[in-house]
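**Q** In this text, residue positions in the sequence shown follow the working numbering: the first is 12, and each later residue adds one.
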Amino acid sequence: MDATFYGVELDRALKEQRDRIRSSDISASTSHEAVAAIEPLEGVKLAVKLSIAGYEVTGRDAQPYETLDALLHAESPLYADTGMSTLFSKLEQVRVERADF
C-alpha cells in the first residue's frame with residue numbers, strides 16, 4: 012500500500028464532513044494507517060484511526076466502521092441531527108423549485 016494512501020483518504024473524508032464537525036487534524040500517517048484528532052459538535056475529542064479494517068475510535072474495543080460518516084453517526088448525536096436537518100432543507104428546496112413549474 013502506498014505510504015500516503017490512508018492519509019489522503021482520511022483527509023478526503025474529513026473534508027467531506029467539515030461542515031458537521033468542529034475541527035480535525037491528521038496527526039500521523041503511515042503505509043498501514045492514518046490517525047486524526049476529530050472534535051464533533053459536542054466538543055468531545057476523538058482519536059480516529061483509518062486502517063485496512065476501516066475507521067475506528069482508538070483506545071476502545073469497538074467495531075470498525077466502513078465510512079467516517081458511519082462512525083460519526085454512532086459517536087455524535089449532533090452530527091446525525093445536523094445531517095438530517097441539511098437533508099430536509101435540501102428536500103424542501105427541491106419541493107419549492109418543482110412547485111414553481
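Beta carbons: idealized from backbone N, C-alpha and C, even for Gly. All values derive from a computational prediction rather than experimental measurement.
1. Do you know offhand how far A85's Cα is from F16's?
2. From the DSSP output, which residues share a beta bridge with A48?
3. Rounded to whole angstroms, what is the Cα-Cα separation between R71 and A110?
4. For E77, name the three-state secondary structure that DSSP assigns.
5. Does the segment 60-67 touch the segment 32-44, meaning 3 or more C-beta pairs lie closer than 8 Å?
6. Rank K101, T78, G54 and V55 by C-alpha distance to the C-alpha of L25 and give the top, closest one.
7. State buried or exposed for E67, treating a residue as buried only when at least 16 other CB atoms are found within 10 Å of its CB.
8. Can you check DSSP and say which residues form a bridge with Y66?
**A** Concretely, from the data shown:
1. CA-to-CA, the gap between A85 and F16 works out to about 25 Å.
2. For A48, which the question treats as bridged, DSSP gives the partners D36 and A58.
3. For R71 and A110, the distance between alpha carbons rounds to 49 Å.
4. In the structure shown, E77 falls within a coil segment according to DSSP collapsed to helix, strand and coil.
5. They touch, by the three-pair rule.
6. Nearest to L25 by alpha-carbon distance, out of K101, T78, G54 and V55, is T78.
7. E67 comes out buried.
8. Within the DSSP bridge table, the entry for Y66 names L61 and Y76 as partners.
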